[in-house]
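In my numbering, the protein residues as written are 3 to 251.
Rendered as structure tokens:
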């Protein structure tokens with residue numbers, strides 16, 4: 003029988019690190035078993051306005067995770083949530099022109115040590131927040147106000163529109179290794195450990211690659227993508243709002 007497990011190889015001197023990886027994997031199996039993606043919920047982007055010189059809008063997602071994905075995350079399945087924001091200039095007599103695109107990424111996972119759900123925002127300095135309940139974590143994500151583009155970089159004579167995508171995805175092999183390190187306390191505040199001599203493995207090979215391939219095949223979990231496109235707008239027509247301390251962040 004051939005498959006991901008046929009690639010699994012144990013190298014001398016690597017069992018110590020492998021045990022840690024296997025410990026992190028144990029909770030994943032429960033989340034992966036029996037999972038299958040279901041229909042997406044509605045993504046909304048409303049109330050475009052100008053705040054502090056930036057075009058912003060209120061992004062909402064009625065059901066961030068479908069029931070099966072939510073149950074899998076509660077059972078230990080790590081996932082990635084990616085937010086992509088595109089800004090386009092409307093050109094009636096020609097193809098629309100993209101003027102900006104950026105992506106923000108979060109990881110959502112269960113920390114069995116602290117027994118909390120983690121919302122991890124990768125970057126130059128790792129940021130993470132812990133929540134007792136998955137519902138509290140999801141409430142932190144949506145609804146949210148997102149920055150679309152600087153107001154003064156948009157010309158008044160042109161019309162623009164924004165496209166926002168929210169993708170809920172299975173983790174990649176690299177993310178799998180990172181999360182395993184975070185959970186076991188090997189990565190804190192953006193510090194990444196140097197690999198120990200003999201621990202280097204080619205991408206997709208060795209114990210981590212074999213286990214990851216096995217888990218992905220087992221899950222059948224594919225991307226769930228939500229998409230919304232705004233109406234065309236002129237920046238001069240957008241309302242301006244000045245937030246006061248009483249109005250919140």
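Glycine residues also receive a C-beta, built at the ideal position from the N, C-alpha and C atoms.
Per DSSP, residue 47 is one residue of the beta strand (DSSP E) stretching across 45-53. When the five nearest sequence neighbours on each side are left out, the beta carbons in the same chain lying within less than 6 Å of the beta carbon of residue 47 are those of 59, 61, 166, 230, 232, in order along the chain. The C-alpha of residue 147 is placed about 15 Å away from the C-alpha of residue 88.
By the neighbour-count criterion, in which 16 or more other beta carbons inside 10 Å mark a residue as buried, residue 159 falls on the exposed side. Every unbroken stretch of the beta strand (DSSP E) spanning 3 or more residues and falling wholly within the stretch 52-123 is given here in chain order: 56-63, 81-91, 99-113, 118-123. Counting along the chain, residue 131 sits inside the beta strand (DSSP E) bounded by residues 129-133. Separation of the CB atoms of residue 67 and residue 139 is rounded to 10 Å, and the pair is thereby denied contact status at 8 Å. Residue 119 holds the alpha-carbon nearest to the alpha-carbon of residue 108 among 243, 51, 154, 119. Counting along the chain, residue 157 sits inside no alpha helix (DSSP H), nor does DSSP assign it H or E at all.
A buried status is given to residue 74, since no fewer than 16 other beta-carbon atoms sit within 10 Å of its beta-carbon. Nearest to residue 162 by alpha-carbon distance, out of 91, 97, 123, 124, is 91. Straight through space, the alpha carbons of residue 157 and residue 122 are spaced by roughly 36 Å. Under the three-state reduction of DSSP output, residue 179 falls in the helix class.
Counting only the Cα atoms, residue 132 lies some 48 Å from residue 96. Residue 146 carries a strand assignment under DSSP once its states are collapsed to helix, strand and coil.
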